[in-house]
Structures are given as C-alpha cells and as structure tokens.
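With this note's numbering, the residue at position 9 of the sequence shown is 9, and numbering never jumps.
To start, the structure itself, in structure tokens.
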Amino acid sequence: MFKKEGYWDVIPQIKNVSFPIRGKWQVDLVDGRSIVMPTSAFPCLRRVSKKERKNWYLIGGGITWDSCPEVIHIEQLLGDYQKFGHEA
1 MFKKEGYWDV IPQIKNVSFP IRGKWQVDLV DGRSIVMPTS AFPCLRRVSK
51 KERKNWYLIG GGITWDSCPE VIHIEQLLGD YQKFGHEA
C-alpha cells in the first residue's frame, strides 16, 4: 500500500509566534514546520506593540493579542488547501 508523504494527515497546530526580523513574523507549528511571512499581509499587527508581541495567545485555533482586534486563523497562514491541494 502506498503511503502519502508530507503532511496530508496532520492537523496544523500553532506552537510559537515570533518576530525574528523587522517586517516579518514567524509561526512555528507543533509538527516542526515554520511559516515566515511579511507583517504587511496582516494590517491588524500594526496595533500590536513590540513589547506586547511576546504576549500572544491562542483562541479557537487562531492567534491574537490583547490590542489586536482580530484573531488570525491557521487557514490565513497556510492558504486555502482545498482550492490548491491535489491528490496523488
């Protein structure tokens, strides 16, 4: 039987959030993946001060901060897997 490679059967879960360099932020997943993206893609992050960036928390599988009016969901980070995915 053929075993699929990659992360087909993995439900992504957020492990850590950091801002390693100016203009970028990184989300580390429990399965070992890291996603680095521009902060400009998420305008709500402008409201989060540098000091507060370490005080993120999970809510409903997404990320937020006390001063952030939105919850950033894992789907927003990974993209629309149903639209762009394929079966081997």
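Virtual Cβ for every residue (Gly too), placed ideally from N, Cα, C.
Query raised in the report: Sorted by chain position, which residues of the same chain lie with C-beta nearer than 7 Å to residue 42's C-beta, five sequence neighbours on each side aside?
Result: Around residue 42, the same chain offers 72 as residues with beta carbons nearer than 7 Å, after the five sequence neighbours per side are excluded.
Query raised in the report: Could you give the distance in angstroms between the alpha-carbon of residue 26 and the alpha-carbon of residue 20?
Result: If you take the alpha carbons of residue 26 and residue 20, they lie about 7 Å apart.
**Report entry** Endpoints, alpha helix (DSSP H) assigned at residue 76
**Finding:** 74-78 is the span of the alpha helix (DSSP H), which, as asked, contains residue 76.
Requested in this report: Drop a sphere of 10 angstroms on the beta-carbon of residue 14, count the other beta-carbons inside from all chains shown, and report buried for 16 or more, exposed for fewer.
Outcome: Result: buried.
Query raised in the report: Quick check: the segment 33-50 against the segment 62-70, are there 3 or more CB pairs under 8 Å?
Result: Touching, yes, given that three or more Cβ pairs across the two stretches are closer than 8 Å.
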